[in-house]
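Trainee: Below is one structure. I have some questions about it.
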Amino acid sequence: MTDLKALYETVKQRNANDAEFLQAVEEVFESLSVIADVHPEKLYEDVLSRLVEPERQIIFRVPWVDDNGKTQVNRGFRIQFNSAIGPYKGGLRFHPSVNVSIIKFLGFEQIFKNALTTLPMGGGKGGSDFDPKGKSDAEVMRFCQSFMTELYRHIGPNTDVPAGDIGVGGREIGYLFGQYKRIQNEFSGVLTGKGLTYGGSLVRTEATGYGLCYFTEAMLKDKGTSFENKTVVISGSGNVAIYACQKAQELGAKVVTLSDSSGFIYDPNGIDLATVKDIKEVRRGRIKEYLEMHPDATYTEGARPWSIPCDIALPCATQNELNLEEAKELVKNGVMAVCEGANMPTTPDAIHYLLENKILYAPGKASNAGGVACSGLEMSQNAEHLSWTFEDVDRKLKDIMVNIFETCRDTAAEYGHPDQYVVGANIASYLKVAEAMKAQGCV
Ligand code: NDP
Ligand code: 2IT
Numbered sequence: 020m021t022d023l024k025a026l027y028e029t030v031k032q033r034n035a036n037d038a039e040f041l042q043a044v045e046e047v048f049e050s051l052s053v054i055a056d057v058h059p060e061k062l063y064e065d066v067l068s069r070l071v072e073p074e075r076q077i078i079f080r081v082p083w084v085d086d087n088g089k090t091q092v093n094r095g096f097r098i099q100f101n102s103a104i105g106p107y108k109g110g111l112r113f114h115p116s117v118n119v120s121i122i123k124f125l126g127f128e129q130i131f132k133n134a135l136t137t138l139p140m141g142g143g144k145g146g147s148d149f150d151p152k153g154k155s156d157a158e159v160m161r162f163c164q165s166f167m168t169e170l171y172r173h174i175g176p177n178t179d180v181p182a183g184d185i186g187v188g189g190r191e192i193g194y195l196f197g198q199y200k201r202i203q204n205e206f207s208g209v210l211t212g213k214g215l216t217y218g219g220s221l222v223r224t225e226a227t228g229y230g231l232c233y234f235t236e237a238m239l240k241d242k243g244t245s246f247e248n249k250t251v252v253i254s255g256s257g258n259v260a261i262y263a264c265q266k267a268q269e270l271g272a273k274v275v276t277l278s279d280s281s282g283f284i285y286d287p288n289g290i291d292l293a294t295v296k297d298i299k300e301v302r303r304g305r306i307k308e309y310l311e312m313h314p315d316a317t318y319t320e321g322a323r324p325w326s327i328p329c330d331i332a333l334p335c336a337t338q339n340e341l342n343l344e345e346a347k348e349l350v351k352n353g354v355m356a357v358c359e360g361a362n363m364p365t366t367p368d369a370i371h372y373l374l375e376n377k378i379l380y381a382p383g384k385a386s387n388a389g390g391v392a393c394s395g396l397e398m399s400q401n402a403e404h405l406s407w408t409f410e411d412v413d414r415k416l417k418d419i420m421v422n423i424f425e426t427c428r429d430t431a432a433e434y435g436h437p438d439q440y441v442v443g444a445n446i447a448s449y450l451k452v453a454e455a456m457k458a459q460g461c462v
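When we follow the working numbering, the leftmost residue of the sequence shown carries the number 20, and every step to the right adds one.
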């Protein structure tokens with residue numbers, strides 16, 4: 020029988036400095052240990068030992084010239100983790116904290132997330148320690164062009180299809196796409212999250228936040244309740260947070276917080292999203308500027324929003340942004356559900372605490388899969404040279420998210436852990452990828 024503990028020790032030795040990656044592997048292995056009791060024959064050792072090792076890791080120099088004429092050098096990454104069920108697929112993150120561990124954890128999570136969507140996409144992730152904050156559009160363009168001048172040789176519409184993540188939105192995808200097209204002399208669906216005038220899909224901008232709310236809605240409905248009249252606390256104020264806020268409000272909830280890395284705003288009257296979009300999407304400003312338009316709101320510098328009483332918490336900023344102390348505070352204040360828009364935002368001890376206290380916990384690899392699912396739909400549209408309507412894509416996205424919820428729920432129950440959606444998410448996605456890897460032999 021496969022010894023998960025021994026395998027984890029090997030992974031630990033081989034990735035000694037990669038704390039975030041080890042955290043992601045440990046969580047998956049904890050869920051997979053449940054298979055040992057019910058279907059030990061499915062815990063294929065030859066699959067697991069390959070699954071934890073990326074198929075390919077690319078690290079490259081990204082030189083560029085800033086507006087003062089000075090040469091800057093950043094580090095670029097693309098980790099092509101697993102192609103068992105489709106071309107590598109996953110976002111690019113531009114943030115000063117980016118390193119091998121962060122990209123590896125994100126790539127590993129992406130394998131399982133993409134499998135849950137039911138669309139044919141393998142797992143990958145990339146990015147750079149470049150910080151777009153405070154840079155001019157021209158600097159961002161030169162950086163993106165230099166980044167793609169190296170990356171292009173490793174990607175392609177049937178090989179590896181990057182998209183956005185933290186620090187990479189429509190502007191960056193546009194510059195990256197333009198440079199790829201120029202170098203390859205090819206207009207193709209090599210990136211997703213493209214603008215609507217050059218092959219992008221309707222709903223992709225909204226998809227992760229909307230998808231998070233569709234998953235949460237399905238989960239609440241299953242428990243006989245809904246978003247209606249619930250108080251919601253959201254962290255972040257980027258792409259995921261903004262559209263989670265929009266959909267939660269549409270579904271009847273009152274969203275009272277948003278944040279950025281400097282602090283959080285609390286508006287007891289409910290967040291005015293038009294103001295937030297203007298600050299974040301138009302002016303690229305800071306969330307505290309919200310108070311200029313809404314003097315009744317408060318801003319707390321250097322803090323996260325989890326101390327604000329709520330029914331539903333949606334962490335939508337970054338990894339490990341909700342720790343045990345904060346989980347205790349949420350539970351004390353009566354939270355009923357924590358649903359992750361970000362990747363791995365809740366620390367392992369906080370997850371255990373939430374589950375012990377019977378809080379509904381939706382793991383990011385399931386609840387934030389709407390972004391990559393819509394990317395998969397963008398790939399389909401590009402492949403058939405068509406554009407679907409907003410309603411079409413939105414309906415498909417919702418169907419996918421409800422299906423992911425049901426898969427997590429049913430698999431968790433089948434394996435004796437009802438309501439532990441994290442167990443269901445990890446087992447269901449592992450089984451799909453494992454079957455595909457088995458079938459393709461030792462590659
Ligand atoms: P954005 O860059 O649009 O926004 C990120 C937000 O999170 C900003 O408000 C940012 O604040 C905040 N943030 C980032 N890093 C930190 C940090 N270290 N500490 C505190 N706050 C931080 O990114 P997205 O909204 O696209 O991504 C948010 C999360 O969702 C990430 O975990 C990402 O991996 C995940 N995700 C994104 C998907 C997508 O389609 N975009 C799909 C699935 C998951 P500031 O501006 O101050 O940096
Ligand atoms: O974490 C994620 O799923 C993303 N950043 C989106 C990936 C994608 O390929 O759309």
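A virtual CB, placed ideally from N, CA and C, is assigned to each residue, including glycine.
State whether the segment 171–188 contacts the segment 97–116, with contact taken as three or more CB pairs (one from each stretch) at a distance under 8 Å.
Mentor: The way I'd put it, the segment 171–188 does touch the segment 97–116; three or more beta-carbon pairs between them come closer than 8 Å.
Trainee: Thinking just about the alpha-carbon of each residue, which of Leu215, Glu128, Cys163 is nearest to the one in Thr408?
Mentor: Leu215
Trainee: Quick test of the definition: if touching needs 3 or more C-beta pairs under 8 Å, does the segment 449–456 touch the segment 261–269?
Mentor: no
Trainee: Three or more beta-carbon pairs under 8 Å between the segment 142–159 and the segment 123–133, yes or no?
Mentor: yes
Trainee: Nearest to Val47 by alpha carbon, out of Val187, Leu333, Thr90, Tyr440?
Mentor: The closest CA to that of Val47, considering only Val187, Leu333, Thr90, Tyr440, is found on Tyr440.
Trainee: Thinking just about the alpha-carbon of each residue, which of Ala322, Leu379, Leu374 is nearest to the one in Asp330?
Mentor: Leu379
Trainee: Spatial neighbours of Ile202 within its chain, please: C-beta separation below 6 Å, excluding the five flanking residues on both sides.
Mentor: Tyr171
Trainee: What does DSSP give as the partner residues of Ala332 in its beta bridges?
Mentor: Val252, Val357
Trainee: Are at least three pairs of beta-carbons, each pair with one atom in the segment 237–256 and one in the segment 421–429, less than 8 Å apart?
Mentor: yes
Trainee: According to DSSP, simplified to helix, strand and coil, what is Arg305?
Mentor: coil
Trainee: If the criterion is Cβ atoms closer than 9 Å, does the pair Gly212 and Glu397 meet it?
Mentor: yes
Trainee: Considering only their Cβ atoms, is the gap separating Ala332 from Asn288 smaller than 9 Å?
Mentor: Here Asn288 is not near Ala332, since their CB atoms are 9 Å or more apart.
Trainee: What does the Cβ neighbour count give for Cys461, buried or exposed, with the cut at 16 atoms within 10 Å?
Mentor: Result: exposed.
Trainee: Say yes only if the C-beta of Ser281 is nearer than 8 Å to one or more non-hydrogen atoms of the ligand NDP, and no if none qualify.
Mentor: yes
Trainee: Quick one: Cα of Asn177 to Cα of Gly218, how far?
Mentor: 16 Å
Trainee: If we ignore side chains and look at the alpha-carbon of each, how far apart do Glu169 and Tyr63 end up?
Mentor: 37 Å
Trainee: Short of 7 Å in beta carbon distance, which residues of its chain neighbour Val442, apart from the five on each side in sequence? Order them along the chain.
Mentor: Ser50, Val53, Ala431, Tyr434, His436
Trainee: Bridge partners for Ala381 per DSSP, in chain order?
Mentor: Note: Ala381 is bridge-paired with Cys358 in the DSSP secondary-structure output.
Trainee: Report the CB separation of Gly390 from Gly193 in whole angstroms; it is logged as a contact under 8 Å.
Mentor: Between Gly193 and Gly390 the Cβ distance is about 18 Å, and since that is not below 8 Å, they are no contact.
Trainee: Only counting the same chain, and skipping five residues up and downstream in sequence, which positions put a Cβ closer than 7 Å to that of Asp368?
Mentor: Leu343
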